[in-house]
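Shown next, in structure tokens, is the structure this report addresses.
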Amino acid sequence: MINIALFGAPGSGKGTQSKLLLEKYKHTYISTGDIIREEIAKETPLGKIVKEVVDKGELLTDEIIISIIEEKIKKGCKSDGFLFDGFPRTVAQAYKLDELLLKTGMQISCVISLDVPQEELIKRLTGRAEKENRDDDKNLNVIQHRIDEYEKKTAPVADFYRKQNKFYSIDGIGTIEDNFERIDVIIQQQIFNRKDAKTQKNDKDCRKMS
Ligand code: AMP
Numbered sequence: 034m035i036n037i038a039l040f041g042a043p044g045s046g047k048g049t050q051s052k053l054l055l056e057k058y059k060h061t062y063i064s065t066g067d068i069i070r071e072e073i074a075k076e077t078p079l080g081k082i083v084k085e086v087v088d089k090g091e092l093l094t095d096e097i098i099i100s101i102i103e104e105k106i107k108k109g110c111k112s113d114g115f116l117f118d119g120f121p122r123t124v125a126q127a128y129k130l131d132e133l134l135l136k137t138g139m140q141i142s143c144v145i146s147l148d149v150p151q152e153e154l155i156k157r158l159t160g161r162a163e164k165e166n167r168d169d170d171k172n173l174n175v176i177q178h179r180i181d182e183y184e185k186k187t188a189p190v191a192d193f194y195r196k197q198n199k200f201y202s203i204d205g206i207g208t209i210e211d212n213f214e215r216i217d218v219i220i221q222q223q224i225f226n227r228k229d230a231k232t233q234k235n236d237k238d239c240r241k242m243s
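The numbering of the sequence shown is the working numbering, which starts it at 34 and goes up by one.
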């Protein structure tokens with residue numbers, strides 16, 4: 034089971050790449066942004082509380098996000114692993130994710146960052162506003178605020194995973210297909226390493242028995 038987190042600023046292509054990954058792998062997909070948007074669209078009590086914060090382009094509190102994630106992880110993973118999109122977005126969330134996964138004997142296998150320069154992010158987000166009718170993509174100040182929130186609160190998460198040797202970054206500027214290839218190479222390597230570790234363990238167990 035390979036648990037992946039896609040990492041990157043708003044507009045870096047995490048959602049697009051997630052869709053392609055889910056065509057190839059059977060991961061349980063958790064996009065905190067999608068969950069939040071659904072809550073807002075359905076006008077649930079949570080949706081009503083968070084709408085204003087999301088519309089301003091600010092991050093929600095760790096408590097809100099963690100309660101959402103906790104429930105999803107508890108429901109479990111009936112697949113190749115979890116694919117997280119837009120989570121964790123703060124160091125506190127990253128710590129909590131480790132803790133939640135550990136409870137069920139799991140861990141994050143790799144965090145894959147899509148690196149895209151700011152000008153390109155802004156171009157993509159303003160284009161997406163038309164296509165996907167997302168309120169938080171429509172206003173240039175809100176877009177800039179989301180990018181600033183990313184730089185201030187989310188970028189430090191990279192170091193958390195770098196220290197665990199789980200952080201990989203790819204150039205997110207190429208075509209969608211090129212970027213997918215780059216991500217897939219990392220995932221294939223993870224799958225290979227896992228199989229290799231299992232084979233080595235089996236060999237060791239066999240040697241012990243003989
Ligand atoms: P996204 O579609 O991932 O860009 O998320 C849309 C909005 O949902 C963000 O601008 C935040 O307001 C909120 N959000 C999504 N994920 C998180 C998270 N992990 N932590 C805090 N806020 C989040």
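Glycine included, every Cβ here is placed at the ideal spot set by N, Cα and C.
- Near ligand 1, meaning a Cβ closer than 5 Å to any of its heavy atoms, lie the following residues in chain order: Pro43, Thr65, Gly66, Ile69, Val87, Leu92, Leu93, Ile98, Gly119, Phe120 and Arg122.
- Between the alpha carbons of Gly48 and Ile209 lies a gap of roughly 11 Å.
- For Tyr128, no beta strand (DSSP E) segment is defined; the enclosing uninterrupted segment is the alpha helix (DSSP H) at Val124 to Lys136.
- Fewer than three beta-carbon pairs drawn from the region 125-137 and the region 160-172 are found closer than 8 Å, and the two stretches are therefore not classed as touching.
- A Cβ-Cβ contact shorter than 8 Å links Ala42 with Tyr183.
- With a threshold of 16 other beta carbon atoms within 10 Å, Ala38 meets it and is buried.
- For Ile101, the uninterrupted alpha helix (DSSP H) segment begins and ends at Asp95 to Lys108.
- The beta carbon of Ile155 sits closer than 8 Å to the beta carbons of Gly44, Leu173, Ile176, Gln177 and Ile180 from its chain, once the five residues preceding and following it are set aside; these are given in chain order.
- Minimum Cα-Cα distance from Lys111 among the listed residues Thr123, Tyr62 and Thr94 corresponds to Tyr62.
- Here Ser45 carries a coil assignment [DSSP, helix/strand/coil].
- Counting of Cβ neighbours within 10 angstroms places Glu85 among the exposed residues, the total staying below 16.
- For Phe120 against Thr65, the beta-carbon gap comes to about 4 Å, under 8 Å, which counts as contact.
- Nearest to Asp168 by C-alpha distance, out of Val87, Gln126 and Ile106, is Val87.
- Between Leu53 and Phe213 a beta carbon distance of about 5 Å is seen, short of the 8 Å cut, so the two are scored as contacting.
- In the structure shown, the three-state DSSP call for Asp118 is strand.
- Ranked by Cα distance from Ser142, the options Asp229, Lys57, Gln50 and Ile224 are led by Ile224.
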